[in-house]
Amino acid sequence: MTAQERLEQCYTSVRERLPFRPKVGLILGSGLGDLAEKLEIVASIPYSEIANFPISTVAGHKGRFVFAYIGEVPTVIMQGRVHYYEGYSMEEVVLPTRLMHLMGAEILFLTNAAGGINPEFAVGDFMLITDQISSFVPSPLIGPNADKLGERFPDMSQIYDSELQNLISKTAQNKGIRLQKGVYLQTSGPNFESPAEVRMYSMLGADAVGMSTACEALAANHMKMRICGVSCISNLATGISKVPLSDDDVKEIANKVGAQFQELVLSVIRQMA
């Protein structure tokens, strides 16, 4: 089964359950998982009820699409993303992004928890993603091109939409939320990076590192979606941090600043009407 055939099969299994045509697709990272619970949910579709759809195995990820209006903006929310380190192929990892676009989403809003590499970053900061480095994971476009989705060799000059970046920056400023800017680098995970790797990433121009997001942005760019993204700097990267890293510490910081993170994301989406 080709990627296009699998995508169409997934869409066929959810088409009759869609409550509206979403404008925005929102992928929730660590610290944002309960955002959907604070909205008036119109409908939800568990991943387990979608034909040939990958299931998130990460603890705390609910694994469902949630449909809600954020202000007047019809939004489909991915509550629990799929990661490459879970053992899925990269084509499976970006299948949810492609499916949200097939549902109608024109804008993809990416969020994540990331390790800070830039020495000016502090734990708990938010970083507006201005560009990315995805060279350390396979491209989701490898294999026969899905011509219905996009062209064989998509341009990557500006993955993250400049107007949406400005919207996020102005919203953060108006709300007094500290917002850094920088380049996000994706690794495969699930291990945290070594100090030598972090030094290399810094030399390459990365400001933050994580285990998701860049592949999803690449797939969305292939489909000509408008893309924006914000990282929560939940820890300082290995070698910069003075203590060993653990997933529990990452979750603790992400949850601690989660309310402010949610406020920023919701405020931005309300202005996308």
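The sequence shown begins at 17 in this note's numbering and counts up by one.
The beta-carbon is built from N, C-alpha and C at its ideal position, and this holds for glycine as well.
Remember, predicted model here, so these are calculated numbers, not experimental data.
Residues sharing a beta bridge with residue i, DSSP
{"i": "P62", "result": "R80"}
{"i": "F125", "result": "L42 and C244"}
{"i": "L201", "result": "I149 and V225"}
Assumed close pair residue i, residue j - CB separation to whole angstroms, cut-off 8 Å
{"i": "S247", "j": "N134", "result": "Not confirmed; about 11 Å, so no contact."}
{"i": "L126", "j": "A233", "result": "6 Å"}
{"i": "Q202", "j": "A230", "result": "4 Å"}
{"i": "V30", "j": "I66", "result": "6 Å"}
{"i": "I149", "j": "R286", "result": "Going by Cβ atoms, the distance from I149 to R286 rounds to 31 Å, so no, they are not a contact pair."}
{"i": "T187", "j": "V284", "result": "5 Å"}
{"i": "M239", "j": "I123", "result": "The pair is not a contact, with the Cβ atoms about 12 Å apart (cut-off 8 Å)."}
Secondary structure of residue i, DSSP reduced to three states
{"i": "P37", "result": "Per the sequence shown, residue 37 should be read as Arg rather than Pro. Of the three classes helix, strand and coil, the one that applies to R37 here is coil, per DSSP."}
{"i": "F69", "result": "coil"}
{"i": "F142", "result": "strand"}
{"i": "S250", "result": "strand"}
{"i": "L48", "result": "coil"}
{"i": "K186", "result": "helix"}
{"i": "K164", "result": "coil"}
{"i": "Q174", "result": "coil"}
{"i": "T28", "result": "helix"}
{"i": "P260", "result": "coil"}
Check whether residue i and residue j have beta carbons under 8 Å apart
{"i": "P70", "j": "Y104", "result": "yes"}
{"i": "T49", "j": "S72", "result": "Rather than Thr, the amino acid found at residue 49 in this sequence is Gly. Against a cut-off of 8 Å, the Cβ pair of S72 and G49 comes out as no contact."}
{"i": "L111", "j": "L44", "result": "no"}
Residue environment, residue i, which counts as buried when at least 16 other CB atoms sit within 10 Å
{"i": "P211", "result": "exposed"}
{"i": "Q174", "result": "exposed"}
{"i": "Q196", "result": "buried"}
{"i": "T113", "result": "buried"}
{"i": "A289", "result": "exposed"}
{"i": "I158", "result": "exposed"}
{"i": "N237", "result": "buried"}
Near the ligand ZN: residue i beta-carbon under 7 Å from a heavy atom
{"i": "Y200", "result": "Absence of the ligand ZN is noted for the structure shown, with no ligands found whatsoever."}
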